[in-house]
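Peer 1: Here the sequence shown is numbered in the numbering used here, starting from 22 and rising by one per residue.
Submitted below is the structure of interest, expressed as structure tokens.
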Amino acid sequence: MGNAEDARIPEGAEVPEGAVAPEEQWLGPVLRRREQVQPGTTDQRLLDSEGDSEWVHTDPWRVMRIQSEFVEGFGALAELPSAISVFGSARTPAGSPEYDAGVAIGKALVDAGFAVITGGGPGAMEAANKGAREAKGVSVGLGIELPFESGLNPHVDIGVNFRYFFVRKTMFVKYAQGFVVLPGGLGTLDELFEALTLVQTGKVTRFPIVLFGTAYWGGLVDWLRDTVVAGGKASEKDLLLFHVTDDVDEAVALVTKEVGR
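As structure tokens, then:
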């Protein structure tokens with residue numbers, strides 16, 4: 022047996038005042054000896070309320086928050102049935118033709134056996150969630166922390182709110198079998214081109230993308246064909262990565278066909 026100075030000091034044990042510091046210390050599974058012995062215990066450092074709080078704004082702590090958002094999102098959505106993500110502008114007014122189309126698309130997707138995932142906000146997102154809820158389907162909203170957003174719309178049955186856009190975007194793709202994209206702004210375009218890039222590069226497979234509203238999306242399609250493809254920045258086959266329609270039934274049929282329904 023070793024002498025008293027070599028004995029293991031359990032985590033949480035205190036060294037009496039005036040006593041010589043131990044030469045061996047166990048902090049959980051970690052062994053420290055000689056000059057590497059630390060004062061106090063892990064619990065003391067955890068529970069001590071004094072000291073600098075800047076650590077909560079450091080990148081290592083942010084990594085933990087990002088990890089927790091992935092865990093919460095995966096846990097909330099893992100048991101969803103087959104789903105389609107529906108995007109569109111938060112500024113689409115209720116009662117407008119675009120809003121009514123969103124409601125109809127939400128209902129039709131549920132009738133085809135899908136859950137409906139949106140960004141959880143107002144406008145076109147609310148419309149699709151409303152349609153899904155009225156059709157007795159699963160209505161999901163994936164919100165984002167923004168200074169001008171007012172929270173999840175009342176038609177969301179399962180809601181998750183995210184701090185980080187890239188975590189939220191992962192959930193839109195991971196738990197959906199396709200996208201239906203209603204007229205929208207920069208956020209909608211961001212999601213659209215993210216999905217197109219993932220399909221083009223083979224990061225996801227069998228992922229239908231339907232743009233709803235030929236008048237709204239026509240100019241973008243023309244630019245892609247006449248400028249991007251014509252300039253050699255994309256190939257002609259990239260224009261086959263998405264479909265454009267004004268018909269609700271056709272939009273649902275396209276995503277249904279491509280996911281093997």
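Glycine included, each C-beta is placed from N, C-alpha and C at the ideal position.
Bear in mind the structure is a predicted one, so any value in this text is a computation, not a measurement.
Return the chain-ordered list of same chain residues with a C-beta closer than 6 angstroms to the C-beta of Val131, the five sequence neighbours on each side being excluded.
Peer 2: Cβ within range, chain order: Ala153, Ala156 and Gly158.
Peer 1: Near Arg189, which residues of its chain fall below 7 angstroms by C-beta distance, leaving aside the five closest residues on each side in sequence?
Peer 2: Only Leu163, Ile165 and Phe183 meet the Cβ criterion.
Peer 1: In whole angstroms, what separates the C-alpha of Val84 from that of Ala216?
Peer 2: Rounded to the nearest angstrom, the two C-alpha atoms are 25 angstroms apart.
Peer 1: Assuming Val177 contacts Ala97 under a Cβ cut-off of 8 angstroms, what Cβ separation, rounded to an integer in Å, is found between them?
Peer 2: Their Cβ separation, rounded to whole angstroms, is 12 angstroms, which puts Val177 and Ala97 out of contact at 8 angstroms.
Peer 1: As a quick exercise: from Ala111, Thr222 and Gln88, pick the residue whose alpha carbon is nearest that of Asn174.
Peer 2: Minimum Cα distance to Asn174 is reached at Ala111.
Peer 1: Is Ala156 near the ligand GDP, going by C-beta to nearest heavy atom under 7 angstroms?
Peer 2: As for the ligand GDP, it is missing from this structure, which has no ligand bound.
Peer 1: Rounded to the nearest angstrom, what separates Glu107 and Ala145 at their Cα positions?
Peer 2: Just to set this straight, residue 107 is Val in the shown sequence, not Glu. Cα to Cα, the separation comes out at about 8 angstroms.
Peer 1: First and last residue of the alpha helix (DSSP H) that includes Gly123?
Peer 2: Segment Pro118 to Asp132, the alpha helix (DSSP H) holding Gly123.
Peer 1: Report the option in Leu167, Phe169, Asp121 and Pro168 whose CA atom is closest to the CA atom of Asn150.
Peer 2: Ranking Leu167, Phe169, Asp121 and Pro168 by Cα distance to Asn150 puts Asp121 first.
Peer 1: Let me know the secondary structure DSSP gives Val231 once reduced to three states.
Peer 2: Strand at Val231.
Peer 1: Contact check, Ala148 vs Thr191 under 8 angstroms by CB: the rounded distance?
Peer 2: Not really, about 24 angstroms apart at Cβ, beyond 8 angstroms.
Peer 1: My assumption, with CB atoms under 8 angstroms, is that Phe233 sits in contact with Leu203. Please give the rounded CB distance.
Peer 2: That belief holds up - the Cβ atoms of Phe233 and Leu203 are roughly 5 angstroms apart, short of 8 angstroms.
Peer 1: Three-state secondary structure (DSSP) at Leu163?
Peer 2: Strand.
Peer 1: Can you list, in chain order, the stretches of the alpha helix (DSSP H) that have 4 or more residues and sit fully within the segment 177-225?
Peer 2: Fully enclosed alpha helix (DSSP H) runs of 4 or longer: 186-195 and 207-221.
Peer 1: Find the nearest neighbour of Ala236 within the set Phe95, Pro118, Ser89 and Arg55, judged by alpha-carbon distance.
Peer 2: Nearest of Phe95, Pro118, Ser89 and Arg55 to Ala236, Cα basis: Pro118.
Peer 1: Ser194 and Leu219: beta carbons closer than 8 angstroms?
Peer 2: The sequence shown places Val at residue 194, not Ser. Yes, the Cβ-Cβ distance between Val194 and Leu219 is below 8 angstroms.
Peer 1: How many angstroms separate the CA atom of Leu207 from the CA atom of Gly142?
Peer 2: Each residue's alpha carbon lies about 15 angstroms from the other.
Peer 1: Return the chain-ordered list of same chain residues with a C-beta closer than 7 angstroms to the C-beta of Arg227, the five sequence neighbours on each side being excluded.
Peer 2: So the list reads Glu279 and Val280, once near-sequence residues are dropped.
Peer 1: Looking only at C-alpha atoms, which of Gly109, Glu56 and Ala197 sits nearest to Ser103?
Peer 2: Here the closest residue by C-alpha is Ala197.
Peer 1: Distance check for Gln221 and Leu262, CA to CA, integer angstroms please.
Peer 2: Cα-Cα distance, rounded: 7 angstroms.
Peer 1: Under the DSSP definition of a beta bridge, which residues are partnered with Gln59?
Peer 2: Looking at the DSSP assignment, Gln59 forms no beta bridge with any residue, so it has no partner.
Peer 1: Kindly indicate which three-state DSSP category Thr79 falls into: helix, strand or coil?
Peer 2: It is coil, neither helix nor strand.
Peer 1: So, at 7 angstroms on beta carbons, what are the nonlocal neighbours of Arg53 in its own chain, with the 5 sequence-adjacent residues on each side left out?
Peer 2: Closer than 7 angstroms at the Cβ level, and outside the excluded window around Arg53, lie Gln46 and Gln59.
Peer 1: Could you check how far apart the C-beta atoms of Gly199 and Val276 are, in whole angstroms? I think they sit under 8 angstroms.
Peer 2: Yes, they are in contact, since the Cβ atoms of Gly199 and Val276 sit about 4 angstroms apart, within 8 angstroms.
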